[in-house]
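Working notes for the structure below.
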Amino acid sequence: MLFLDELAEFSRSTLESLRQPIEQGWVTISRVGGTLRFPAQFTLVAAMNPCPCGFFGTDRCVCPSATIDKYQNKISGPLLDRIDLQVELRTLTTEERFAESEDGVSPRLRAKVEQARERQRKRYDGKQIPFNAAMPGGHVREYCNFSDAGFERFKTTIDANRLSTRSMDRLAKVARTVADLAGSDALEAVHLDKAASFVVGGMLRDRS
């Protein structure tokens, strides 16, 4: 697990250096004497404010538009294409901050995740694919089992958001996981809609 807090405060070159290990699970170091490759598989979790002052989208924001653009543009499109889940969090109300958590939620979620992982183990048995995120690009039709309505929603989502090939594959993988969590063999339109909220929504995707 690699957690990067205040993601936009890192230099652009540092962030771009993450692209290879995120996608390939290796880091390559080249010097005059030769090239070395080291294993670097990890789960990336990152957090950032929407702007330098942190109040973007409210009347409390004091950042000029140019400053906001410069801040958000430190996270490049190619790097975003390698981050599967992108979630924009809203500010909690005072009531929500002091609300008691619902008993039994964590055990139920754990059970659903374990069931979804078991579905994936059976799906990829003997294929050297440990889980949905490792599904090879270009093989989404083979493993995703779209319903007719699901495949139509998949295509319209790609067209509406002008998704790159890499983002298209991410959408399918996330939707396949949503369907697994729901206990569904078929990938339906509702699963694509949920996946799209993670893959194509959010502050950074909307900046253009």
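Residue numbers (full-length UniProt numbering): 1 to 208. Ideal Cβ placement from N, Cα and C applies to all residues, glycine included. Source: prediction; values computed, not measured.
Its Cα nearest to that of ASP69, the residue CYS51 stands out among CYS51, LEU36, ASP169 and ALA179. Per DSSP, LEU92 is not a residue of any beta strand (DSSP E), being assigned neither H nor E. Contact between ASP81 and SER167 holds: their C-beta atoms lie close to 5 Å from each other, under 8 Å.
In the three-state DSSP reduction, VAL45 falls in the strand class (E or B). Around the beta carbon of GLN120, 16 or more other beta carbons lie within 10 angstroms, which makes this residue buried. Residues LEU2 of the same chain have their beta carbon placed closer than 6 Å to that of PHE42, with the five preceding and five following residues left out of the count.
DSSP places ARG37 in the strand class (E or B) of the three-state scheme. If the five residues before and after ALA47 are omitted, its C-beta is found closer than 6 Å to the C-beta atoms of ASP5, all from its own chain and listed in chain order. Counting the other Cβ atoms within 10 Å of the Cβ of LEU92 gives fewer than 16, which makes it exposed. For ARG37, the closest of GLU142, LEU79 and TRP26 by C-alpha to C-alpha distance is TRP26. Residue environment analysis places GLU88 among the exposed positions, since fewer than 16 neighbouring C-beta atoms fall within 10 angstroms of its C-beta. Three or more beta-carbon pairs drawn from the stretch 166-183 and the stretch 110-120 are found closer than 8 Å, and the two stretches are therefore classed as touching.
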